[in-house]
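Here the protein sequences line up with chains L and A, keeping their order.
Quick note: the first sequence, position 120, residue 120 per our numbering, numbers continuous.
For any residue, its number in our numbering is found by taking its place in the second sequence, counting from 1, and adding 1000.
All residues carry an ideal CB built from backbone N, CA and C; glycine is no exception.
Okay, so here's the structure we're looking at.
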Amino acid sequence: MTETFGIKVSQPGYDATTAAKENLVFSSEYDTLKLFDSGSGTIEVPGDNKGTVQITHSLGYKPAFLVFSDNPLWATSGKFSAYTWRAIGGGLSEPNYATDNTKLYLTFYNPGLDSVTFTYHYHIYYNKIA
Amino acid sequence: MTFGARVSQPGYDATTAAVKDLTFDSDANSLKIWKAGSVNISVSEANGGAGTGYVEVSHGLDYPPFFLTYFKLKDANKIWFQKSLDDSQLPATYINTTSYANNTNLVMEITVNGTLGAFTAIGYYIIFIDEAYQT
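Here you go:
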């Protein structure tokens, strides 16, 4: 006889033993994002230049991650977005983010004349992407 | 009488901690991974114009799910978050990687401009059971 074990937590109004997966708050049958590290910082990027922040994770594989940063060239700072873009040689001040087996790389481009400061928040998860 | 389970972060009392200081709270939904994997994306030659490639990943959920995507040039070492790729290895004048989900598929696509040959990239995805939006 094969027995199955696990934990299910249903949303209010649903029976955890019969609820569809969409109506569960948690099920040990499905993996979740598990936070490894998070942090914040700033980087000043000179005009017509780029700057890269390197964050060591040393996980030995490429982990899932999310990064939010503001764009000081927007009319109002303090707006944080996960949006990335790369218009090479364009006039856009945008970030992009990458990882390898040891580090997270956050690169910020400043096509303007004046130095600007970017603020970023990163979240690295134990979950392996590659 | 209320029932539930709470697990707190180190240094917090699970019975009194704020939800933000819990690692699990049965009263708060958790993102649940439905499917994760990778696909090859063949991008056509860009002969002074646009090279494009896209792949559909069937998810079978009947609604647009929450997802995360990353892209990597096939022989590169770094993976890139959503809308970028390594421009130090790709001599394009414009690179755009886009992902979106509908009721049946997660679509991952790449557009490059410039003069460069066809190439292959790898799209990595995590699709969650949770809907991208709540109606």
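| Item | Value |
| --- | --- |
| Cutoff 7 Å: A/S1137 Cβ touching any chain L Cβ | Given that chain A is displayed from residue 1001 to residue 1135, the structure contains no residue 1137 of chain A and the question cannot be resolved. |
| Rounded Cβ spacing between A/N1040 and A/I1127 (contact assumed at less than 8 Å) | Not really, about 18 Å apart at Cβ, beyond 8 Å. |
| A/V1043 beta carbon less than 7 Å from that of A/G1051 | yes |
| Short-range partners of chain A found in the stretch 52-72 of chain L, where Cβ spacing is below 8 Å | K62, A64, F65, L66 and V67 |
| Proximity to L/T143 [Cα-Cα], best of L/D15, L/L35, L/Y83 and L/T52 | The requested residue 143 of chain L is not part of the displayed model; chain L covers only 1 to 130. |
| Residue nearest to A/T1120 in terms of C-alpha spacing, selected from A/Q1089, A/S1026 and A/T1015 | A/Q1089 |
| Rounded C-alpha distance that separates L/Y83 from L/E94 | 8 Å |
| Beta carbon of A/S1026 nearer than 7 Å to that of A/A1005 | yes |
| Length of the line joining the Cα atoms of L/Y109 and L/Y14 | 49 Å |
| Close-in-space but distant-in-sequence residues of the same chain around L/K34 (CB under 8 Å, 5 per side omitted) | Y125, Y126 and N127 |
| Cα-Cα separation, A/Y1094 to L/P111 | 15 Å |
| Contact set between A/S1026 and chain D, taken where Cβ atoms lie within less than 7 Å | This model lacks chain D altogether, as its protein chains are L and A. |
| Alpha-carbon spacing of L/N96 relative to A/D1087, whole angstroms | 11 Å |
| For L/T56, the nearest candidate out of L/S115, L/T102 and L/T117 (CA to CA) | L/T102 |
| Beta-carbon spacing of L/S40, L/H121 below 7 Å | yes |
| C-beta contact flag for A/A1017 and A/L1116 at 7 Å | no |
| Inter-residue CB distance, A/F1144 and A/A1101 (contact presumed, cutoff 8 Å) | With chain A represented from 1001 up to 1135, any question about residue 1144 of chain A goes unanswered, as that position is not in the structure. |
| Nearest to L/Q11 (by Cα), restricted to the options A/F1003, A/D1013 and A/P1010 | A/F1003 |
| Extent of the continuous beta strand (DSSP E) to which L/E44 belongs | L35 to V45 |
| Of the listed residues L/D114, L/L113 and L/T99, nearest to L/T107 (C-alpha basis) | L/T99 |
| DSSP-derived helix/strand/coil call for A/E1109 | strand |
| is_contact[A/L1073, chain L] using C-beta, thresh 7 Å | no |
| Per-residue burial, L/I7 [other beta carbons within 10 Å of its own, 16 or more giving buried] | exposed |
| Proximal residues to A/P1091 (C-beta, below 7 Å), its chain only, five neighbours per side dropped | G1114 and L1116 |
| Chain A contact residues for L/D15, given Cβ-Cβ distances below 9 Å | The contacting residues do not exist; L/D15 stays about 13 Å from chain A at best. |
| Beta carbon of A/N1103 nearer than 7 Å to that of A/D1062 | yes |
| Length of the line joining the Cα atoms of A/G1053 and A/V1019 | 42 Å |
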